[in-house]
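Down below is the structure, laid out as structure tokens.
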Amino acid sequence: MPPDHPTLGKFRREITSGSLALMLLALLERIGEPTYGYELARRLAEHAPDGEAPRQGTLYPALRSLEKLGLLSSTIEPSTSGPPRRYYQPTDDGRAALVAWREAWHRMATHVDAILQSDSDGAPT
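Each step along the sequence shown adds one to the number in this note's numbering, with nothing skipped, and position 82 is 89.
As structure tokens, then:
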């Protein structure tokens, strides 16, 4: 586990916030069927390092934002175990965005990794 620092929590939240839409689109595409928010939160937590899963308070606004952008569609269906559930799935535009976003993510990750692996003179190691 990396050493703790007072600003680590804020840094983790920023990373999660900046990547949540990408993770949601990718997860919904992988699942391959309409999925409700709580199930998405559970699956995100399954894959998250300790303490780095997105909070539900950020998950639902991200889902609504993706829907407003036309990248997700949703339907409300009755539930046998509580209130009705809203199920989300990627639209065609959402699947196209995922392809572009995934490529942008890989380019940025490569860039960040190159910087992090550089020595103090700026030359890659």
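C-beta: ideal position from N, C-alpha, C; glycine also.
For the pair His118 and Pro90, the Cα-to-Cα distance works out to about 45 Å. For Glu84, the enclosing beta strand (DSSP E) starts and ends at 79-86.
In the structure shown, Thr23 adopts helical secondary structure according to DSSP, grouped into three states. Within the DSSP bridge table, the entry for Tyr95 names Thr42, Ser81 as partners.
Tyr45 is classed as exposed because its beta carbon has fewer than 16 other beta carbons within 10 Å across all chains shown.
Contact check for Gln96 against Thr14 fails: the beta carbons are separated by 9 Å or more.
Approximately 14 Å separates the beta-carbon atoms of Glu40 and Arg102; this is outside 8 Å, ruling out the contact. Judged by beta-carbon spacing, Leu70 lies beyond the 9 Å limit of Ala104, meaning their Cβ atoms are not closer than that value. Fewer than three pairs of CB atoms, one per stretch, sit closer than 8 Å, so the region 55-62 makes no contact with the region 106-113. Per DSSP, Gly64 has no beta bridge partner at all.
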